[in-house]
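Here the structure comes first, spelled out in structure tokens, and everything after it is commentary.
Protein chains: 2
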Amino acid sequence: MTANSSSQLWIYDTTLRDGTQREGLSVSIEDKLRIARRLDRLGIPFIEGGWPGANPKDVQFFWHLQEEPLTQAEIVAFCFTRRPNKIASEDPMIQAILAAGTRWVTIVGKSWDLQVTEGLKTTLAENLAMIQDTIDYLRSQGRRVIYDAEHWFDGYKHNRDYALQTLETAIASGAEWITLCDTNGGVLPHEITETVQAVNSHLSFVMSQKPMTNDKEQRTIPLLGIHAHNDSDTAVANTIAAVMAGAKMVQGTINGYGERCGNANLCSLIPNLQLKLGYQCLEDRKISHITETSRFVSEVVNLAPDEHAPFVGRSAFAHKGGLHVSAVERNPLTYEHIQPEKIGNRRRIVISEQSGVSNVLAKARTFGIELDKNNPKTGQILQRLKVLENEGYQFEAAEASFELLMREALGNRQSFFEVKGFQVHCDLVQGEETTSALATVKVAVSGRDILEVAEGNGPVAALDAALRKALVNFYPQIASFELTDYKVRILNGHTGTAAKTRVLVESGNGHQRWTTVGVSTNILAASYQAVVEGLEYGLLLHSQAEVALMS
Amino acid sequence: MTANSSSQLWIYDTTLRDGTQREGLSVSIEDKLRIARRLDRLGIPFIEGGWPGANPKDVQFFWHLQEEPLTQAEIVAFCFTRRPNKIASEDPMIQAILAAGTRWVTIVGKSWDLQVTEGLKTTLAENLAMIQDTIDYLRSQGRRVIYDAEHWFDGYKHNRDYALQTLETAIASGAEWITLCDTNGGVLPHEITETVQAVNSHLSFVMSQKPMTNDKEQRTIPLLGIHAHNDSDTAVANTIAAVMAGAKMVQGTINGYGERCGNANLCSLIPNLQLKLGYQCLEDRKISHITETSRFVSEVVNLAPDEHAPFVGRSAFAHKGGLHVSAVERNPLTYEHIQPEKIGNRRRIVISEQSGVSNVLAKARTFGIELDKNNPKTGQILQRLKVLENEGYQFEAAEASFELLMREALGNRQSFFEVKGFQVHCDLVQGEETTSALATVKVAVSGRDILEVAEGNGPVAALDAALRKALVNFYPQIASFELTDYKVRILNGHTGTAAKTRVLVESGNGHQRWTTVGVSTNILAASYQAVVEGLEYGLLLHSQAEVALMS
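So the sequence lines, in the order shown, correspond to chains A and B. Taking full-length UniProt numbering, the leading residue of the first sequence gets 1, the next gets one more, and so forth. Taking full-length UniProt numbering, the leading residue of the second sequence gets 1, the next gets one more, and so forth.
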């Protein structure tokens, strides 16, 4: 991984580490794995996976990736330098980062004298030793090192000489990248420009003066990176300023998730850098997946997407008013700063809500369904899709439901069973530990009505159990299906409990997984619908596999 | 209103005009008046009130302000230049702007040749005449004029000479301010810097060369303003770049509301410009009202405040983790880019898994609860917190529930009512549109059991309705409470429908909002718990307010 051209940048995603510091965001190991694989597919070269020493969840996350590695991206483990007055090889955090088994590690160290003396309560010299020992040791264990200079801009402002010494120490120990971090997010773009230029020329000068202190394989001057936070509302501009001043690595997160006001938003940075400024971040053909990646990540972490987010938001290319709309259709340039299709977003006409056939075709393509624009069914699917999306359905993360919808319109949706209705009864007596939930379902299979009842520790579990009980005699393969994930999103949340609910259910059969969606003002009705479609899709997959076996 | 020092800036708020273009935002005349008066109190010098010709609501808004004027601010009416090939004095839009009765008017005109020929379908010369006639006429009617150069940066890029001619025309006609608008929001900070500098020196040169074409009273070179949109996620940085290049008027909106991705956010700009860069925007004593103004405006327009907004967001100065918390309390500088109090925000200690005793103590202080680290209750609270968090509770966003927990441990949790249990019954018949949900609750107030039943369009709405019905006779203030937000998160989602559910409920009483949490494997039990605590906390606030009133 070396710079093959001056316009090449390396994107370093830290959604899974710094992004999860966002208040209210919490992810499971499975969530993290899904996000990592999606970022890998997008072509992000560095994905910071977590801090294995600090967090048992992150330890397991890296184990999973050792068993099933990513295809292209480097997964990076993150850690602080060793503790003061300890030995690196004996520091449990450092052992944990080695156990993560990644090729690359990111080590964060203190740049600001005040942080060393006040925060760590140690000496400036010891901090340098901590940086050196940690990197030396990790290099001796075969790791390649990215050095994150925490509080860089504050440190540089307060004690320039010392701050530069920390970088020189990291470089001498073999760090291949130096990331300048604006940890508090307080710096403005013009300060970034000045500082990055100054650091670049200082390091060039220093490195040209002194020979390497050891013979580790490395480039003479390590490349600089930038890590910005959005506390001043300028994280994107700060990052761009750093890149224009020579930084080659761009750290950030999907949707700008992160502590306090968030990190630099990669969904804004990548289009700005690649489409406007001519830098190379992703393969050109991949950049059109930015919008779906943004929405995928927000679905997985279960946060409502920011509709007004630059580039990827639902309103980012929304136009109001007739005159404006016809003008934009005549010449989009006059009202759009870039073509929305380039990043996989689309123009939206707010009042007339007109969306094109090309949308459905594009959507079908992303789900692998062949559909032609001259097929009259295409228009019908479009109509149905618009009605459903208006009701709150969303198919970005519910491919199975979308396929069922397509099959319905194309007349090849197989009928495995017919649902007739359900009843749920819940009972809670305060002080008693258990709440019982009882569900009754009625389904018809081959013209025969089946009535079944089951209990569960919640109403949705009871519904699921009753449905399986009703169907398993007809479709024994249902015994191998399992509900692997269940997500609830309240739409238009500020109308309180009267709001609509969207439920996403992920199901599996041991070797495949699929996701279905349900929407209703009644959370149980929405859940039921998603569970029913999950079972139906599992049966569809099973029958397709049987057909494939016979042919 | 003249520049009395080189660091003086004029803030021009367009929340009431451009801000209302945001998708999903709509305001009544009363809302607009409330916001205008609040901005006036904050000391914003220019408040753009609306476009009276385009909008009957805006006509009435200006009439109201004629009857009861603002105290300090200039209220500004907005309008396009006259239509092509018409006479300014006969254009109904121009008459409407005069009828608004403001001292200042903002006239927007085309700078981009393509917009003139493609959009307006007229000649470049006619566009200049439209600018000239409109400003001439308004000046003759005693108005002072701000000229907004629409699509300035695109126009300047495509046809520099023509773009500059439009400005020269506006100046010659007597415009006192020239605002450079990035209408599509596509420009990046370095382009702003170059362009603003170039315009400034061009205009200085031109104005020094030619005598005024008429004898209207005006300064030789009008002052420049900047109007930025956030489509590139750099509106704040773009505005700062323009100011550093010489712009003296800063246009923007509260909370960055605006079409598509919004306008430049004044809540970020004012602190950056005044506290970090030394410009004068507001009186020093007024800047601490920024946070409450931000929240006030979001309440009035009924949009959830962005908790992660820079400077004014609830999470903007939030700290997690015990070590981190004690460090920030020792030396806030190390983890905060400015003092939150300066802008009326506050540091928040987030209660989370990583909490230590210092978090609990810090949190207690913010609730006005006296707690000492030597108090044995402190350890008990921390213990209870860890047990609950292990069960899936999360108090980061549910401070009301945390306060109830503290009061419980300290023995001063007031008992307003006692919950005994609930029953919920849901029924869905496939094909019928409605699903009915019926809830029965049993609560005890002052030793008396109350049994109530209610319906809802979902089970949680039914539970909420039944609880209110049971309590409103005892606590009539409950009628003013409302459920303002409802969030559901499935914990350990991969166990499917058997997973635990965490519900967050936000409640309000018209002037305060609070959040409570419930956790259970049964989503209805979790919702019930959060709704119950929401009602209890509302009653607590009400009784505290009564005590305060009596003392």
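For every residue, glycine included, the Cβ atom is placed at its ideal position computed from N, Cα and C.
Cβ neighbour criterion (16 or more within 10 Å) applied to residue i
i                     : result
residue 561 (chain A) : The question about residue 561 (chain A) has no answer, for chain A in this structure spans 1 to 551.
Asp464 (chain B)      : buried
Gln394 (chain A)      : buried
Glu217 (chain A)      : With a pLDDT of only 44 at Glu217 (chain A), under 50, the local geometry of the prediction cannot be trusted, and the value read off the model is given with reservation. Its Cβ having fewer than 16 others within 10 Å, Glu217 (chain A) is exposed.
residue 565 (chain A) : Beyond the ends of chain A as shown, which are 1 and 551, falls residue 565 (chain A); an answer cannot be given.
Thr123 (chain A)      : exposed
Asp161 (chain A)      : exposed
Gly368 (chain B)      : exposed
Val547 (chain B)      : exposed
Lys248 (chain B)      : buried
Ser208 (chain B)      : exposed
Lys500 (chain B)      : buried
Lys32 (chain A)       : buried
Ser204 (chain A)      : exposed
Thr71 (chain B)       : exposed
Cutoff 6 Å; reference residue i; Cβ partners in own chain excluding five residues on either side
i                     : result
Ile146 (chain A)      : Thr106, Trp177
Ser352 (chain A)      : Confidence in Ser352 (chain A) is poor, its pLDDT being 32 and thus under 50, which makes the residue's placement unreliable; the coordinate value appears in the next sentence. Contacts found: none.
Ser446 (chain A)      : none
Gly19 (chain B)       : Thr253, Tyr257, Gly258
Asn200 (chain B)      : Gly246
Arg219 (chain A)      : Interpretation of Arg219 (chain A) is limited by its pLDDT of 48, a score under 50 that renders its predicted location unreliable; no figure is taken from the coordinates.
residue 552 (chain A) : One cannot answer for residue 552 (chain A) here, as it falls past the ends of chain A, which runs 1 to 551.
Euclidean distance between Cα positions of residue i and residue j
i                : j                : result
Phe416 (chain A) : Thr435 (chain B) : 24 Å
Asp306 (chain B) : Arg346 (chain A) : 25 Å
His64 (chain B)  : Ile87 (chain B)  : 29 Å
Lys487 (chain B) : Leu388 (chain A) : 22 Å
Arg143 (chain A) : Ile192 (chain A) : 30 Å
Cys181 (chain B) : Asp372 (chain B) : 55 Å
Pro84 (chain B)  : Leu120 (chain B) : 8 Å
Asn255 (chain B) : Thr183 (chain B) : 18 Å
Met550 (chain B) : Gln477 (chain B) : 18 Å
Ser7 (chain B)   : Arg34 (chain A)  : 51 Å
Thr378 (chain A) : Leu404 (chain A) : 14 Å
Tyr475 (chain B) : Gln430 (chain A) : 22 Å
Leu303 (chain A) : Gly458 (chain A) : 24 Å
Ala125 (chain B) : Asn331 (chain A) : 22 Å
Ile343 (chain B) : Phe311 (chain B) : 7 Å
Ile97 (chain B)  : Glu74 (chain B)  : 15 Å
Val300 (chain B) : Gln21 (chain B)  : 16 Å
Pro222 (chain A) : Ile11 (chain A)  : 16 Å
Arg38 (chain A)  : Phe46 (chain A)  : 13 Å
Contact test: residue i Cβ vs the ligand ATP heavy atom, cutoff 6 Å
i               : result
Arg22 (chain B) : The ligand ATP is not part of the structure shown, which contains no ligands of any sort.
Cβ neighbours of residue i in the same chain (closer than 8 Å, five flanking residues each side left out)
i                     : result
Ile131 (chain A)      : Thr81, Ile107, Gly109, Tyr147, Thr166, Thr169, Ala170, Ser173
Arg139 (chain B)      : Val145, Ser173, Gly174, Lys216
residue 571 (chain A) : Nothing about residue 571 (chain A) can be read from this structure; chain A reaches only from 1 to 551.
Rounded distance between the beta-carbons of residue j and residue i, thought under 8 Å
i                : j                : result
Leu9 (chain B)   : Gln280 (chain B) : 7 Å
Asp485 (chain A) : Glu506 (chain A) : 4 Å
Asn230 (chain B) : Gly185 (chain B) : 6 Å
Ala309 (chain B) : Cys79 (chain A)  : Not confirmed; about 31 Å, so no contact.
Same chain only: Cβ atoms within 7 Å of residue i, ignoring 5 sequence neighbours per side
i                     : result
Gly510 (chain A)      : Ser480
Ile338 (chain A)      : Pro271, Leu275
Gln414 (chain A)      : Leu540, Ser543
Asp91 (chain A)       : Arg82, Arg83
Gln512 (chain B)      : Leu541
residue 555 (chain B) : Past the boundaries of the shown model lies residue 555 (chain B); chain B is included only from 1 to 551, so the question cannot be answered.
Val206 (chain B)      : Glu168
Notebook entry, point to check: Do the region 106-122 of chain A and the region 140-159 of chain A meet, that is, are 3 or more Cβ pairs less than 8 Å apart?
Noted result: yes
Item checked: Meets three-Cβ-pair contact criterion under 8 Å: the region 54-64 of chain A and the region 308-322 of chain A -> no
Margin query: For the structure I just gave you, are there three or more beta carbon pairs, one from the region 467-478 of chain A and one from the region 531-544 of chain A, closer than 8 Å?
Written below: yes
Check: Is the region 421-430 of chain A touching the region 399-410 of chain A, taking contact as three or more C-beta pairs under 8 Å?
Finding: no
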